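Right, one structure below, let's go through it.
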Amino acid sequence: MNLIKCNNYDEMSAQAAKIIAAQLMKKPNCVLGLPTGSTPLGVYGILVQMNKNDKIDFTKVKTFNLDEYYPISKKNTQSYHFFMHDNFFNHINIDEQNVNILNGEAENPQIECELYEEKIKNSGGIDLQLLGIGQNGHIGFNEPGKALKSKTHLIELTQNTINANSRFFEKTEDVPKKSLTMGIGTIMKAKEIVIIASGREKANAVYELLSGEITTANPSTILNAHNNVTLIADAAALGEN
Ligand code: F6R
Numbered sequence: 026m027n028l029i030k031c032n033n034y035d036e037m038s039a040q041a042a043k044i045i046a047a048q049l050m051k052k053p054n055c056v057l058g059l060p061t062g063s064t065p066l067g068v069y070g071i072l073v074q075m076n077k078n079d080k081i082d083f084t085k086v087k088t089f090n091l092d093e094y095y096p097i098s099k100k101n102t103q104s105y106h107f108f109m110h111d112n113f114f115n116h117i118n119i120d121e122q123n124v125n126i127l128n129g130e131a132e133n134p135q136i137e138c139e140l141y142e143e144k145i146k147n148s149g150g151i152d153l154q155l156l157g158i159g160q161n162g163h164i165g166f167n168e169p170g171k172a173l174k175s176k177t178h179l180i181e182l183t184q185n186t187i188n189a190n191s192r193f194f195e196k197t198e199d200v201p202k203k204s205l206t207m208g209i210g211t212i213m214k215a216k217e218i219v220i221i222a223s224g225r226e227k228a229n230a231v232y233e234l235l236s237g238e239i240t241t242a243n244p245s246t247i248l249n250a251h252n253n254v255t256l257i258a259d260a261a262a263l264g265e266n
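Take the position in the sequence shown, starting the count at 1, then add 25; the result is the number in my numbering.
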């Protein structure tokens with residue numbers, strides 16, 4: 026795994042944006058896998074600015090988001106559908122037809138997950154997958170457990186994740202208990218993976234990831250079995266301050 030050490034959040038965001046911008050220049054019709062959460066907001070901000078300054082072009086880019094709460098309406102301001110449009114897609118020149126986000130309103134979540142896998146496959150697969158990391162080491166919403174699922178699936182969120190995400194909701198009880206998420210295999214099929222981490226609360230998960238051991242107790246550690254992963258972490262996430 027390549028490691029890019031950064032002094033702070035802004036440096037981490039700039040490094041990740043640079044890799045994504047290079048990917049867009051190399052392959053203008055590339056397929057990106059994208060996360061939500063607080064960590065990628067800086068990256069999205071830089072990419073929006075670069076797009077406004079005509080430095081990068083999203084017209085041919087396809088995107089697949091990692092996950093979405095279930096059930097949740099697209100109009101709900103806490104949905105990842107809303108989050109991605111509000112923070113990214115509404116501000117860049119991407120074709121809405123090329124934006125793919127799991128449907129939190131799907132009547133049959135199983136079919137929704139199967140269709141999503143098909144769509145990723147038919148797009149030629151993910152060229153570059155950007156990931157955040159949960160305090161418990163989750164990637165997407167693949168929570169620690171005995172057996173991790175390979176394909177896109179419906180998952181019960183752990184109390185740790187519900188508590189961590191309650192900061193976006195009025196009350197902890199409002200956080201949906203389930204989510205649709207790409208599976209570990211879906212993520213591992215990406216040709217290149219960039220994982221970003223910032224802040225002291227990620228230090229333990231990042232330490233385990235860097236230890237090289239692979240364990241379902243920290244799903245991110247599976248990335249040690251991928252041959253093109255870059256971890257971009259700030260000093261706090263590396264436990265250095
Ligand atoms: C979100 C996702 C999650 C987050 C993780 C970190 O789409 O897949 O795995 O990346 O929970 O979230 P933040 O960045 O808010 O700390």
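For each residue, glycine too, the CB sits at the ideal point set by N, CA and C.
From a predicted model like this one, the values you see are computed outputs, not experimental measurements.
* How many angstroms separate the CA atom of E168 from the CA atom of Q48? -> Along the sequence shown, one-based indexing puts residue 168 at 143. Along the sequence shown, one-based indexing puts residue 48 at 23. Approximately 29 Å between the Cα atoms of the pair.
* Mark K77 as exposed unless 16 or more other C-beta atoms lie within 10 angstroms of its C-beta, in which case mark it buried. => Residue numbering aside, residue 77 sits at position 52 when the sequence shown is read from its first letter. Per the 10 Å Cβ criterion, exposed.
* **Nearest candidate by alpha-carbon position, reference P53, set I119, F114, L28** => Sequence index remark: in the sequence shown, residue 53 carries index 28 (1-based). Residue nearest to P53 within the set I119, F114, L28 is I119 (criterion: CA-CA distance).
* Can A258 and K43 be called in contact, C-beta distance under 8 Å? -> Stepping through the sequence shown from its first residue, residue 258 is reached at position 233. Stepping through the sequence shown from its first residue, residue 43 is reached at position 18. No, these two residues do not count as a Cβ contact at 8 Å.
* To do: Measure the CB-CB distance between N249 and E217 and report whether it falls below 8 Å.
  => Numbered from its first residue, the sequence shown carries residue 249 at position 224. Numbered from its first residue, the sequence shown carries residue 217 at position 192. Their beta carbons are not under 8 Å apart, which means N249 does not touch E217 by this criterion.
* What are the partner residues of H178, as DSSP defines its beta bridges? -> Here the question's residue 178 lines up with position 153 in the sequence shown. Per DSSP, T206.
* **Backbone secondary structure at V124 - three-state DSSP** => Along the sequence shown, read from residue 1 onward, the residue named residue 124 stands at position 99. In the structure shown, V124 sits in a strand (DSSP, three-state: E or B).
* DSSP-derived helix/strand/coil call for I117 -> Counting from 1 along the sequence shown, the entry for residue 117 is found at position 92. DSSP places I117 in coil when its eight states are reduced to three.
* **Candidates V56, P201, K176, P244, of which the one nearest N101 by Cα** => The residue labelled residue 101 in the question sits at position 76 within the sequence shown. For the residues V56, P201, K176, P244, the minimum Cα distance to N101 belongs to P201.
* Let me know the secondary structure DSSP gives G58 once reduced to three states. => Start at 1 with the first residue of the sequence shown, and residue 58 comes out as number 33. Strand.
* Can you tell which of H178, I145, D152, V124 has its C-alpha closest to the C-alpha of P134? -> What you label residue 134 is simply residue 109 of the sequence shown in a count that begins at 1. Checked all of H178, I145, D152, V124; the closest Cα to P134 is H178.
* D152 burial status per 10 Å Cβ neighbour count (16 or more: buried) -> Sequence index remark: in the sequence shown, residue 152 carries index 127 (1-based). D152 is buried by the Cβ-count criterion.
* Report yes if the CB atom of K176 is closer than 8 Å to the CB atom of G210, and no otherwise. => Walking along the sequence shown from the start, residue 176 turns up at place 151. Walking along the sequence shown from the start, residue 210 turns up at place 185. It is a contact, given that the beta carbons lie within the stated cut-off.
* Do you know how far the Cα of D35 is from the Cα of I71? -> For this step, residue 71 is matched to residue 46 along the sequence shown. For this step, residue 35 is matched to residue 10 along the sequence shown. Taking the straight line joining both Cα atoms gives about 10 Å.
* **Span of the beta strand (DSSP E) around I45** => Counting from one through the sequence shown, the residue named residue 45 turns up at place 20. I45 -> not in any beta strand (DSSP E); alpha helix (DSSP H) instead, spanning 34–51.
* In whole angstroms, what separates the C-alpha of K214 from that of T241? -> Taking the first residue of the sequence shown as position 1, residue 214 is located at position 189. Taking the first residue of the sequence shown as position 1, residue 241 is located at position 216. The alpha-carbon atoms of K214 and T241 are separated by roughly 18 Å.
* Does E195 get closer than 8 Å to chain D when you measure Cβ to Cβ? -> Among the chains in the structure shown there is no chain D, since it carries only a single protein chain.
* Can you tell me which of L91, F194, I247, G224 puts its alpha carbon nearest to the alpha carbon of T64? => Indexing the sequence shown from 1 puts residue 64 at position 39. Measuring from the Cα of T64, the nearest candidate turns out to be G224.
* To do: Return the first residue and the last residue of the beta strand (DSSP E) that N90 is part of.
  => Taking the first residue of the sequence shown as 1, we reach residue 90 at position 65. Here the beta strand (DSSP E) through N90 covers 87–90.
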